[in-house]
Each structure stands twice: as C-alpha cells, then as structure tokens.
Amino acid sequence: MTDFVNPYTFVPFPQVDDAWFRHAPAGHHRLGTAADGSPRLMGTIEVELTARSPLLMSDGTADQHETHGFPRRRFPEFDGPVPYLPGSSLAGVFRSLHESVAGGCLRIFEDEYLPSYRDAVEQARSLLDIWTLALVSEVDSGTGQPRTLHLCTDLVRIRHDALNRALGGPRNIVTGTRVDISPLPPAPARGLRTITDPTSIRKGGDWVVLVTDARTREGRQHYYYTAGLVSFTDENTFTWNDSWLPAWQQFQRLIGDTDDMRQARQNTRRTSSSGAAGPVEKEVVFLQGKGKTEIPVGRRHAARRELFPGQVIWVKLTPDETSVAEFALSSVWRHTGTGKAGDRVPPALSPCQDPRHLCPTCRVFGATDTAPADLVQAEQQSYRGHLRFSDARPLDGIPQLERRELPMLSRPRPGAGQFYLEYDARTHNVQPRYKDVPLREWGSPLDAKENRQLRGRKHYWLTGRYQERPYFRLAKGSLGDKLERVAQSVPANTRFGFTVRFANLDLAELGALLAALSPGSVLHSQLRGGGEIGFAVGGGRPLGFGTCTSQITALTVHTADTWYGSQQPVPVTAAEAVAAFTQSVHSGVRVTWPALAAALHLDHVPPDKVWYPPEKPIPDGELTGDDLEPGYDFWQETRGYATKNTAVKMLPLPHVLAADQHLKVIRKKGKR
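Residue numbers (this note's numbering): 244 to 915.
This is how it looks when you write it as structure tokens:
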C-alpha cells in the first residue's frame, strides 16, 4: 500500500465560558444537598472491562532476561499473585475520559512548552560575524557546564579531501583535532577562507577542527570542516559566571530535541545504563554527489546535555563581548519556536489552581496543586476527590501472560505544527516563502495575526482487529537492533472487574462519571452506522495494544437518609443519571462529542494501515522490522517550505471527522 493512517488524532477542545466551567466543589464535611435541593449521593459502581486487543502494562521491574513484568498481586480467590490492573492506573484512564466527555481542564499540561527546530542552512553560524568557535578546557563535573572557554580569533573551512590526505585518513580526524595551517589563502569578500591544499595542513598547532553531522551536505561534491584558531590570551579566555545561565538553559532546551538525545534516551531505556563519562564519538559518513557515494570524514561528538574538556562548540557573545549569549554544537544548529503552549489553548481550560473554583472533572476526581510553592504562605491548594478506584481483578481465571518484543518509538512531536496545530480556511491558502521559517513551526507566518491553537486532546485510534495492525504482523524476532524492550501483555478478550466508590455527588455528576466509565452510553448515538465505543488502557497504544470496552454491571446509590437510616438504597438507574448529565452539560462540550465518538470508535480507520509515517509503503502479509522504518522525509516534505525555485505546501493531519484519514508515503526523489 502506498498510503498509511497516522496512529493518533485530535478531538477539538470545547469552547466554554468560565462562569459555567468553574465553581465551588461539594466539599467533604457532610453528605448534603445539591444546588437544586435534591440530596447528594454516595454508593458503588461495579464495572466489567474487556481487553479487545492485547493489554500491555509494566510494574516497573525487569527480570534477569530484561523482560518488564505485568503488574501482579494476590486476591483472596486466587492461590498466588495474578495479573491485575492497578486502581491508580484506572483512575488516570477514566479521569482522562471524564475530561473529554464532561469538559475538564488540561490537568497535565506544560503551558510553558516551546518546541525547537533545526536551522536552515542559510542561517549557518559560520556566515555570521557574531558567532565564533570556542575550545572547552574545563567543565563542572556535576552539571557539565563549561567553566573555561578559549575563543577562536579566526575561522576557516577545510575541504574533506585535503584534511584526509594531510592527516592520513578519517580515522585520525575527530572533533578537537589540532592542526597547523600555513600559509592561509587570502580572505574572501564574504564568508570564510577555504583550505583545499593538503600541503598547507600539518598535525599539531593551535587550530582546532569541528566535525559535525553530514546530512545537510548530502548530495554535494564536498564536505567541509570548520576550524578555529584558538587564543589562550586572557582577553579571549572566558570563565563561567551567572550571566551565562540563560544561554546554558536555552542550550539545555535545544539539546533535548536533537536526534542524538532521542537515540540516547532509547538506549538508556533499552540497557538501563547511565550517560557516558566522556564524549560519545560517532562516525560521520558524507554521501557525495548524485550517486551518493559514501565518504567517511571522521568522528563527531554526539549531542549531550554535558560538555567535555577538549570539545569544540560555537558561541555567540553579548553585544559588549563580556559574556556568552548563546551556545551551539554546529554551524547549522537549532532555534526555538514562539508562542508557548499555554497561549495556544482556550484560557478556560488552563489547569485548575483554586480549590474553591474547579472544573467539572476536578470537582469529582480532585485537583493537585502544581503551582510553585509559596514559601511565605506555605498554603496547600489541592482538593481531594470524591472517588476511590479498586484494583481490577481477572474474572475468568488467571490470564496467560504473553511476551512482547517492542520496537523503538519516537517521542511525541508537538512542534510538528502540520499535525498538532489547527489548520483551517485561514491557513489553507498561505503559501510558504523563501527564507521564511517553514509553516509548521510555532511562530511561522501562519501565526502572524494570532497564534494557531493546539488541535485538541490527543487520542490513539482503537482496534478490535489488532491482528491486522502492522506491529502484530511482524515476524517473531525480526526487530533486530530496532528492539527497544521486552514486556508482557494479557491476551485480547481478557475480562477484569473493579469497583468505583463515590461520595457526595449530585445526579448529573454521577451521570458524568458513568459516562466516563462507559463512554458508549453518551457517544453511541453520535456514530454514523453504529459500531463499538471503547478506550485505551496501558502502553503500546500506537501499536494497537490496550483497546478496551466496558459495561456497568451494578449501581448502588444512597443518600444520607438511606445510608444512616433504615431506608432502602435510592432506586436510581444509570440511564437516569446519564440523562441528567446530558441535560446539564454545556453545549460547547456537547458539540465535541461527534469528534470524540469517532476517536473512540473501534476500527474507525483501516487497522492494516495504522502506523507512523513509514520510509516506504508497508507490504501486505507478514512483516519484518525493516518494513517499518520511520519516514523522516515525510516530516521534512510536509512542513510547508520554500527554496529559491520551489514552494512545497504544508500537508496537515486530517480532521478526526474527515471521511478519509489516509496520508501518502513520501520519499525524496533519488532515494534508494
């Protein structure tokens, strides 16, 4: 197949007014009356959960074979520990569903988040006089902060064949290699001197070489190193002071989004090892010319949060040249977008901070104070929830645990604005322009009038036909070096039962809770052509794990009179409570239900096509790890960019209600 379906989609945020959205919770001091005078309710809800695809979960431990175990504990009806679902995990799942169904705040949300992006080649630091190279000679052993830097007073470019011949091949070239260059060619009117004569280069000396990744030079005739003439004078020796801190903090933000750091995180998860004691050296191979001939050019220092003695970096000084304003690891480095995440969501949905004014979800599930501590007042601004979730026990004997080899998956990419930011008629007709940042970026020309909003709450497509998903078609043992970890799952059709105890809810709040526990009760009517509504539990959701459905098997409701007196429980049905909720919910929330129903609809999209953008079309039938290589070209070719000669429009993720969710596999021309 030449197309695919992205594993996730977005349900738009509700548009609500704060007056309806937030008000005082019921409190815990007594089982009182609701605003309409009716008695508040307490009781229990029995829920049966069925795994419609294998359910993957980890207890945080690994055995001698590095297999991450499924949670297990003892129950009275079993002889020993058995697989179960922790109540805390269930509370998180159903809180998230409640936020979507009832319109809760963005409880777990990093409102200060800003993504970073690779610079364009036209922004190369070697073209700017305000940047220079520096040699790191001393670092803080705890933080990796540079303590002493020696600035370079002159910069040159060295062609790869010249340096290779002068030093005896790429095995002798690594970032920090010292050379002497003499004579120097005349300085050009613009840019750096270029060294092409190997006889002018000798081992040793005060010039330091910087080796960087070669991907931005792919297809060209030559790779060029940057070299700097190090000055050890007092004037050009800089020692750390607190004025460097903003530059270092910015460097830390940028470094986290690099491919090297993503790979390091994956390796750490896979091997449980800590960081290296020194710089990690990586071979650099240059793909030369149209034929993409592989030319080794040396070893570079991988991007890490720490710097190391002997490392060569780019620095930008402050205008008065007394302090460091920025750090970078290469000439073509990274920059942050603009317009923080908190400015890209409806203001009413910001996390609840005042326990006297809570959203519908925080009034029921509780709210934790996440604001910075007030050292003067030392007040606690949290609110305890009205619910308790039991652990979920297996209902049909002891489930047989299955061993699962899991591939490496990339982190979420909120900076990929073509997927994560709203795309509408206003943005559709904007054409990318040469030298503008790509349209996908936060802060691109599409944000000129106002910041584009985040698309909504993220949901992974659900499946009951998991065998058709690409992951479940992988041949056993075929992942090879793409294996990240081994974990355990329970089989599809495993049933679990659990109890939710509630206290001091009004009828509509009880209905909203029931709608979250069994979302089909309010969303079935939103589906065109019927189908099943579910939700996801556990890990591996992009792969097809964790799709579940549920049903309410028992509901017991009390008031203060029936609980403390001799009267029978209140004859409230789940249907009555859900009806009270649907009548009370804000229209701005209800209007999102068709989108939510689509996102929670089992196999709303063809299961055999659900995968992250692949490098090449995914074959039918049995697969190997090589068939599922990530398609980096897709992200580059859909970002909305322009060169001198062409303009490539941004390709957005289809809206969750779009009839066609397919996207084309994209490969650059000439790729093997």
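The beta-carbon is built from N, C-alpha and C at its ideal position, and this holds for glycine as well.
- The beta-bridge partner set that DSSP reports for residue 360 consists of 578.
- In this structure, residue 379 keeps its C-beta atom at 8 Å or more from the C-beta atom of residue 459.
- Between the C-alpha atoms of residue 435 and residue 491 there is a straight-line separation of about 27 Å.
- Residue 671 counts as exposed, since fewer than 16 other beta carbons sit within 10 angstroms of its beta carbon.
- Contact annotation: the segment 661 to 669 does not touch the segment 338 to 345, with fewer than three C-beta pairs closer than 8 Å.
- Straight across, the Cα-Cα distance linking residue 323 with residue 316 is about 8 Å.
- In the structure shown, residue 768 falls within a helical segment according to DSSP collapsed to helix, strand and coil.
- In terms of CA proximity to residue 650, 854 leads the group 854, 374, 878, 319.
- Residue 736 holds the alpha-carbon nearest to the alpha-carbon of residue 641 among 606, 547, 736.
- Residue range 374 to 382 is occupied by the beta strand (DSSP E) that includes residue 379, with no alpha helix (DSSP H) assigned at that position.
- By the criterion of a C-beta distance shorter than 7 Å, residue 360 is surrounded in its chain by 577, 578, 580, 658, 684, once the five residues flanking it on both sides are discounted.
- One alpha carbon belongs to residue 831, the other to residue 695, and they sit about 19 Å apart.
- Each of 279, 898, 632 was checked against the Cα of residue 835, and the nearest Cα belongs to 898.
- Distance from the CA of residue 372 to the CA of residue 904, rounded to the nearest whole angstrom, comes to 48 Å.
- For residue 804, there is no enclosing beta strand (DSSP E); the enclosing alpha helix (DSSP H) has its first and last residue at 803 to 807.
- Membership of residue 395 in the beta strand (DSSP E) is indicated by the continuous run 389 to 402.
- Proximity to residue 760 across 598, 337, 303 peaks at 337, based on C-alpha coordinates.
- In the three-state reduction of the DSSP assignment, residue 678 falls in the coil class.
- Assigned with DSSP and collapsed to three states, residue 651 falls in coil, not helix or strand.
- Nearest in C-alpha terms to residue 275, of all of 712, 861, 749, is 749.
- The DSSP-derived three-state label of residue 605 is helix.
- Per the C-alpha coordinates, the member of 886, 868, 386, 758 positioned closest to residue 677 is 886.
- Closest in alpha carbon position to residue 800, among 779, 754, 478, is 754.
- DSSP places residue 732 within a strand segment (E or B) once states are collapsed to three.
- Between the beta-carbon of residue 858 and that of residue 910 there is about 7 Å, and that keeps the pair under the 8 Å contact cut.
- Residue 595 has no beta-bridge partner at all, per DSSP.
- Within the segment 796 to 840, the complete alpha helix (DSSP H) segments at least 4 residues long are 803 to 807, 817 to 827, 830 to 833, listed from N- to C-terminus.
- Comparing alpha carbon positions, the residue from 797, 462, 821, 691 closest to residue 743 is 797.
- Residue 775 carries a coil assignment under DSSP once its states are collapsed to helix, strand and coil.
- According to the DSSP assignment, residue 289 belongs to the beta strand (DSSP E) that extends over 284 to 294.
- Listed in chain order, the non-local C-beta contacts of residue 776 below 8 Å within the same chain comprise 762, 763, 766, 767, 770, 792, 840, 843, 844, 845, local neighbours out to five positions each way being set aside.
- In summary, residue 888 is exposed, with fewer than 16 beta-carbon neighbours lying within 10 Å of its beta-carbon over all protein chains present.
- Contact between residue 462 and residue 421 is absent: CB atoms are separated by about 31 Å, not below the 8 Å threshold.
- Using a C-beta cut-off of 8 Å, the segment 408 to 418 makes contact with the segment 539 to 553, since at least three inter-stretch Cβ pairs fall below that distance.
- Within the same chain, 312 come within 7 Å of residue 306 by CB-CB distance, once the 5 residues on both sides are set aside.
- The straight-line gap separating the alpha-carbon atoms of residue 699 and residue 530 is approximately 41 Å.
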